[in-house]
Every structure is written in C-alpha cells, then in structure tokens.
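Per the working numbering, residue 13 is the first one in the sequence shown, and the count goes up by one each step.
Virtual Cβ for every residue (Gly too), placed ideally from N, Cα, C.
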Amino acid sequence: MEVNSIENGIVIDHIRAGFGMKVLQYLDVDTGRDTVALIMNAQSSKHGRKDIIKIENLIDVDMTALGLLDCGATVNIIEGGRLTRKVKLELPEKVVDVIKCKNPRCVTSTEPSIAHIFRLVDPSTEEYRCEYCDEIVRV
Ligand SMILES: [Zn+2]
C-alpha cells in the first residue's frame, strides 16, 4: 500500500497490529478535517506485523496516555517534509487522571474532585499502584 509522505504532521509507527483503530479513536482526530491514514497489518522487520497511523498537520499528542495505550509505538514528528523528532513511547512513571481506581473504598471513588494518581510498579507486568489505597491495576 502506497501512502504519500506528509509535509507536516505525525506518523505513529510500530503500533501493535490490530491496535491502530484504538489509538486513532483515542487521539480523537477530526476525520472531517484532518487527513488521516491508518495502515493495518503492515510488514515490520521487528515484530512481524504492525499498524501505522499518519496524520497531516501537527496535532498535540498526549504522549503519556499514548504510552499507556501502546508502549511499543514510536511517534515521528514531521515538519517541512523532514523528520524533526522521534519519540519512543514508554510506560509513564506517573499517570494522573488516565486510569481510574476501581476500589470502591478508595478516596478517589468517594471524593470526585480528587485526581486519580497511579505510579508504575513494574514495567514488565505493566502494573500500576494507586497513590491512595495501593490498589494494583494492570493496563
Ligand atoms: Zn485507590
């Protein structure tokens, strides 16, 4: 599949195969305005199959939340037809208001104004611990 390279925008590469649609939904791109290409099941030298997303015009991407969604992906930022930044996504150390604590007795469940704060326990198991009640959540 041939997709024209973009002048300005972002390319999210090495997305786990089958995950591209989820990432796209999360990014909340306006498909009526932005030029978006989702390439599914592309051949990858590293992982066999992968999804790729290309979005024309630079949008503000929340790398923290994106890292939670797919920590193996890479975000390429392209300006003036050239790659200006390459960001390898990773699991963030601390996440605020992305994961919600499921413990009904947790203070975040009873007090809606309190931020849901989680800290990474173990990157290999993708486990996070609630800052308030120590509840473990896997992402
Ligand atoms: Zn909690």
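Could you check how far apart the C-beta atoms of residue i and residue j are, in whole angstroms? I think they sit under 8 Å.
i: R141; j: R150; result: In fact, because the Cβ distance is near 11 Å, the residues do not count as touching under 8 Å.
i: G30; j: D63; result: 7 Å
i: N229; j: N88; result: This structure gives no information on residue 229, because the portion of the chain shown stretches from 13 to 151.
i: T120; j: H128; result: 5 Å
Using DSSP's beta-bridge definition, name the partner residues of residue i.
i: A54; result: K62
i: L132; result: Y140
Cβ of residue i within 8 Å of Cβ of residue j?
i: I148; j: I90; result: no
i: L80; j: I65; result: no
i: L39; j: V73; result: yes
i: L101; j: L78; result: yes
i: D46; j: I67; result: yes
Express the C-alpha separation of residue j and residue i in angstroms, rounding to a whole number.
i: V48; j: I126; result: 36 Å
i: E14; j: P116; result: In this predicted model, E14 has a pLDDT of only 46, less than 50, meaning its place in the structure is not dependable enough to derive any value.
i: R94; j: C145; result: 46 Å
i: A85; j: R28; result: 7 Å
i: M52; j: H26; result: 11 Å
i: Q55; j: V99; result: 21 Å
i: K106; j: V23; result: 25 Å
On the criterion of 16 or more Cβ atoms from any shown chain inside 10 Å, does residue i qualify as buried, or is it exposed?
i: E143; result: buried
i: G60; result: exposed
When a residue counts only if its C-beta is closer than 6 Å to some heavy atom of ligand 3, which residues count, in chain order? Ligands present in the displayed structure are limited to ligand 1, and ligand 3 is not among them.
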